[in-house]
Amino acid sequence: MVNDMNDTTRMVDGASLDASTMHPPRPGPQPPTRVRGPVSDAGIAPTGNEANDAHPVIIDVENLNVFYGDFHAVKDVTLPIRQNEITALIGPSGCGKSTVLRCFNRMNDLIETARVEGKVEYHGVDLYGKNVDPVEVRRHVGMVFQKPNPFPKSIYDNIAFGPKIAGYKDSMDDLVEETLHKAALWDEVKDKLGESAFALSGGQQQRLCIARAIATNPDVVLMDEPASALDPIATLRIEELMYDLKKDYSIVIVTHNMQQAARVSDRTAFFTVEVGEGGQRTGNLVEFNHTSNLFTNPNEQETEDYITGRFG
Amino acid sequence: MATRPTRTQKATREAVQRALEGRRIEPGAVIFRLLLLTMLLSLLLILIVLLADIFIGAWPTLRHRGFDFVFSGLSLNPETAGVFTGIVGSLAIALFVVLLAIPIGVGAAVYLEEYASDNHFTRWIDTTVRNLAGVPSIVFGLLGLTMFVVVINTIGLGGSTGGKNVIAAGITMAALVLPIVIITSAEAIRAVPFTIREAGYGVGATKWEVIRSHVLPSAFPGILTGTVLTLARAFGETAPLLVIGVATGFFSASADATFFDKLTGPYTALPVIVFSWSRQTDPAFAETLAPAAITVLLVILFALNAVAIYFRNKFEKRW
Chain A
1 MVNDMNDTTR MVDGASLDAS TMHPPRPGPQ PPTRVRGPVS DAGIAPTGNE
51 ANDAHPVIID VENLNVFYGD FHAVKDVTLP IRQNEITALI GPSGCGKSTV
101 LRCFNRMNDL IETARVEGKV EYHGVDLYGK NVDPVEVRRH VGMVFQKPNP
151 FPKSIYDNIA FGPKIAGYKD SMDDLVEETL HKAALWDEVK DKLGESAFAL
201 SGGQQQRLCI ARAIATNPDV VLMDEPASAL DPIATLRIEE LMYDLKKDYS
251 IVIVTHNMQQ AARVSDRTAF FTVEVGEGGQ RTGNLVEFNH TSNLFTNPNE
301 QETEDYITGR FG
Chain B
1001 MATRPTRTQK ATREAVQRAL EGRRIEPGAV IFRLLLLTML LSLLLILIVL
1051 LADIFIGAWP TLRHRGFDFV FSGLSLNPET AGVFTGIVGS LAIALFVVLL
1101 AIPIGVGAAV YLEEYASDNH FTRWIDTTVR NLAGVPSIVF GLLGLTMFVV
1151 VINTIGLGGS TGGKNVIAAG ITMAALVLPI VIITSAEAIR AVPFTIREAG
1201 YGVGATKWEV IRSHVLPSAF PGILTGTVLT LARAFGETAP LLVIGVATGF
1251 FSASADATFF DKLTGPYTAL PVIVFSWSRQ TDPAFAETLA PAAITVLLVI
1301 LFALNAVAIY FRNKFEKRW
């Protein structure tokens, strides 16, 4: 396990070296080593947040069950998401981690047959309460998707759309600039704000999507495998960005990449698939813990099998 | 059991070269390819012969009369007869199509694709619309005659023609192309990727905002292409107009006719002029003026298609 971690660390260092040679004018002082937060040469390190259970719970999930028609997709998930932390949801394909993530901003509502049972409370308010407007929920809980999906509009309009429909009245130019700074994209795009977002590289597009998500000033940012379509360098930059953003936001990330979870997250939830009778595959939460604990000293045999690569 | 020697065991440089080199000739493939090419060429040949025949017939008129032919009204004298009355009639019909069929059609398509839930009723509507698109145009002519003409006459827009005027023709033509507008618009809307909608909802847009700001702009080039092509269809249709009483002979509006008189009076359309001229016994009409009118019609149709292509490219290239 420790060896695994060292490999990871080396990979990160190598990649970041490349990244800095390829993009010399990096905005602001961002030592790439910061990404290694949770992982040091020793294999484990405090994240700065890790011992701090004082971070209040921002989204409280209890006994969450999700169904698509008759299909029971996720079973009995209980999971507190804490403020200003990065919470990673990991597990094999089909384990329901994306489904759980999409309950946090009611994105599941877009699927006609989806049904959610159990408690999803945001600051104590039931997100699935009778009078809750999913549109308002999504302004508080932003989202970044697996494939970069900028609007087929200019870079500027990609950022400005969310605030505009939310009724933002102050200077839009200032907001766009501030948001792009936050997303560490300003220096790369400041001269081409009017150009199509599709003119950007995949990694830049994804950072634009992150910028778009934070432009509406959300509280929580959900990321559904945000780096799975990107190369290692672009991935690294996304991870750096996430690490910066957790000062202001709470982040929940779904990832297939265990090293990524180990690198960026404070807490990790490990999901698996249970194959029931009749071949129904239902996802359930196996273990939720501090990332360093989960990766070095998992409580469950299943977790250990997965993170050591014996399964999945 | 004897094991087959593996490729690696047999591989020498010569053996591999023998195996990899040499061109294979498949007689079937060659014949099939020639057959396909023949089909394509015969299609082109038919088109070229058709166009050449029309153009040869039209050339003397177009050369001697030029724009005078395009901008002259109907006349019993082949020396002065022109197609302008028909162009005006066709444009008026097209205007009705633009004003009626496009908003109704696009609106119906947006509702079907974005709002209607997927149940038996919407699937039934979808099938019906598709079937309507295949209904022969003359049937729409009967609809126009028994319904639109009567209604227009009842509400006092009948004028001197008793309802058999360009208003009835325009509404009939709009009804004729409506299913096509719905189908092409629905397809353009369906082609907008789900990820764009997801992105819109993700930043807190309502359904209406997602449709207005993302779905419709993305679908716009497709909708535009479809609707311009339906406009071309409306321009070229003849049969329904004949059924609902288009003027096939000579007429002219009196000098003191008001706009209302002209709107409700007799009218004709470009393809109808082609139809009536080609039935004339006077060879000057049938053999020279009819091809010239066809040429004008074709030029307008090609121009409409060119506009459709131009706009599609323009809006697709933008992003």
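One line per chain: the protein sequences are A and B, in this order. Going by this note's numbering, the residue at position 124 of the first sequence is 124; the numbering climbs one at a time, nothing skipped. Going by this note's numbering, the residue at position 7 of the second sequence is 1007; the numbering climbs one at a time, nothing skipped. The beta-carbon is built from N, C-alpha and C at its ideal position, and this holds for glycine as well. Since the structure is predicted, the reported quantities are computational estimates derived from the model, not experimental observations.
### Query
Going along the chain, which residues of the region 1201-1212 of chain B sit with their C-beta nearer than 8 Å to a C-beta in chain A?
Listed in sequence order: Y1201, G1202, V1203, G1204, A1205, T1206 and E1209.
### Query
When DSSP builds the beta bridges, which residues end up paired with A:L89?
Its beta-bridge partners are A:V254 and A:A269.
### Task
Check each candidate in B:L1036, B:A1081, B:R1197 and B:R1023 and name the one with the smallest Cα separation from B:W1277.
It is B:A1081.
### Message
For the alpha helix (DSSP H) containing A:A160, name the first residue and the last one.
### Response
Where A:A160 is concerned, the enclosing alpha helix (DSSP H) stretches over I155 to I165.
### Query
Does the region 1283-1303 of chain B come close enough to the region 1052-1061 of chain B that 3 or more CB-CB pairs lie under 8 Å?
Taking a cut-off of 8 Å for Cβ pairs, the region 1052-1061 of chain B and the region 1283-1303 of chain B touch, as three or more such pairs fall below it.
### Task
Decide if the region 96-112 of chain A is in contact with the region 210-226 of chain A; the criterion is three or more beta carbon pairs, one per stretch, under 8 Å apart.
Two segments are said to touch when three or more pairs of C-beta atoms, one from each, lie closer than 8 Å; by this definition the region 96-112 of chain A touches the region 210-226 of chain A.
### Query
So what does DSSP say about B:T998, is it helix, strand or coil?
The requested residue 998 of chain B is not part of the displayed model; chain B covers only 1001 to 1319.
#### Entry: Counted within 10 angstroms of its Cβ, other Cβ atoms place B:F1302 as buried (16 or more) or exposed
Around the Cβ of B:F1302, a 10 Å sphere holds fewer than 16 other Cβ atoms; the residue is exposed.
### Query
Would B:P1221 be called buried (16 or more neighbouring beta carbons within 10 Å of its own) or exposed?
Per the 10 Å Cβ criterion, buried.
### Task
Establish whether the CB of B:I1223 and some CB of chain A are separated by less than 8 Å.
Taking a beta-carbon distance threshold of 8 Å, B:I1223 does not count as an interface residue toward chain A.
#### Entry: Rounded C-alpha distance that separates B:T1357 from A:T179
Summary: the structure shown does not reach residue 1357 of chain B, with chain B confined to residues 1001 through 1319, and so no result is reported for it.
### Task
Report the partner residues of A:I59 according to the DSSP bridge assignment.
According to DSSP, A:I59 bridges with A:I81 and A:Y122.
### Query
What did DSSP end up calling A:G142 once you bin it into helix, strand or coil?
In the structure shown, the three-state DSSP call for A:G142 is strand.
### Task
Tell me whether A:E117 sits in a helix, a strand or coil according to DSSP, three-state version.
A:E117 falls in the strand class under three-state DSSP.
### Message
Rounding to the nearest angstrom, what Cα-Cα distance links A:H72 and A:G129 in this structure?
### Response
The straight-line gap from Cα to Cα measures roughly 21 Å.
### Task
Using only alpha-carbon positions, find the residue among A:P92, A:G69 and A:A269 that is nearest to A:E112.
The alpha carbon of A:E112 has as its nearest neighbour, out of A:P92, A:G69 and A:A269, the alpha carbon of A:G69.
### Query
Is the region 1095-1114 of chain B in contact with the region 1187-1203 of chain B, if contact means three or more CB pairs nearer than 8 Å?
The region 1095-1114 of chain B, when compared against the region 1187-1203 of chain B, does touch it at the 8 Å Cβ threshold.
### Task
Using a Cβ cut-off of 8 Å (strictly closer), state whether A:M143 contacts chain B.
At least one chain B Cβ lies under 8 Å of A:M143.
### Message
For a test of the three-state rule: what should DSSP assign to B:V1151, helix, strand or coil?
### Response
Here B:V1151 sits in helix by DSSP.
#### Entry: Secondary structure of A:E287, DSSP reduced to three states
Strand at A:E287.
### Task
Buried or exposed for B:H1214, please, with buried defined as at least 16 other CB atoms from any protein chain shown within 10 angstroms of its CB.
Classification of B:H1214: buried, given that the 10 Å Cβ count is 16 or more.
### Query
How is the beta strand (DSSP E) around B:L1100 delimited, first residue to last?
Element bounds for B:L1100: n/a, residue is neither H nor E.
### Query
Whose C-alpha, out of A:L79, A:Q83, A:D133 and A:E117, is nearest the C-alpha of A:K246?
Comparing Cα positions, the closest option is A:Q83.
### Query
Hey, is the region 240-259 of chain A in contact with the region 280-293 of chain A, meaning 3+ C-beta pairs nearer than 8 Å?
With a cut-off of 8 Å, the region 280-293 of chain A and the region 240-259 of chain A do not count as touching, because too few Cβ pairs lie within range.
### Task
Find out if the Cβ-Cβ distance for the pair B:T1268, B:G1086 is shorter than 8 Å.
B:G1086 sits close to B:T1268, with the two beta carbons spaced by under 8 Å.
### Message
So if DSSP puts A:M107 in a beta bridge, which residue, or which two residues, is it bridged to?
### Response
According to DSSP, A:M107 bridges with nothing at all.
### Own chain, CB closer than 6 Å to A:V254, minus 5 neighbours either side, in chain order
By the criterion of a C-beta distance shorter than 6 Å, A:V254 is surrounded in its chain by L89, K97, S98, L101, D224 and E225, once the five residues flanking it on both sides are discounted.
### Within chain A, the residues that B:S1218 reaches when beta carbons sit closer than 8 Å
Within 8 Å of the CB of B:S1218, the CB atoms of chain A belong to P152, in sequence order along the chain.
### Task
For A:L241, collect the residues of the same chain with a Cβ closer than 8 Å to its Cβ; drop the 5 residues on either side in sequence, then sort them by chain order.
For A:L241, where only same-chain residues beyond five positions count, the Cβ hits under 8 Å are A183, A184, R207 and I210.
### Query
What residues in the region 105-124 of chain A have a beta carbon less than 8 Å from any beta carbon of chain B?
Within the region 105-124 of chain A, the residues whose Cβ lies closer than 8 Å to some Cβ of chain B are N105, M107, L110 and E112, listed in chain order.
### Query
Below 8 Å, can you find three or more Cβ-Cβ pairs linking the region 1237-1245 of chain B to the region 1271-1287 of chain B?
Here the region 1237-1245 of chain B makes contact with the region 1271-1287 of chain B; the two share three or more CB pairs at distances below 8 Å.
### Task
Taking only beta-carbon positions, decide if A:V135 is within less than 8 Å of chain B.
With 8 Å as the cut-off, A:V135 counts as an interface residue toward chain B.
### Message
Under DSSP, the alpha helix (DSSP H) around A:D305 begins and ends at which residues?
### Response
Element bounds for A:D305: Q301 to I307.
#### Entry: 4 or more residues per run - each alpha helix (DSSP H) lying fully within the region 1220-1263 of chain B
List check, alpha helix (DSSP H) in window: 1239-1243.
### Query
Hey, A:G283 and A:V74: beta-carbon distance below 8 Å or not?
It is a contact, given that the beta carbons lie within the stated cut-off.
### Query
Given 8 Å as the limit, is there contact between the region 1125-1133 of chain B and the region 1196-1211 of chain B, that is, 3 or more CB pairs closer than that?
The region 1125-1133 of chain B vs the region 1196-1211 of chain B: no contact.
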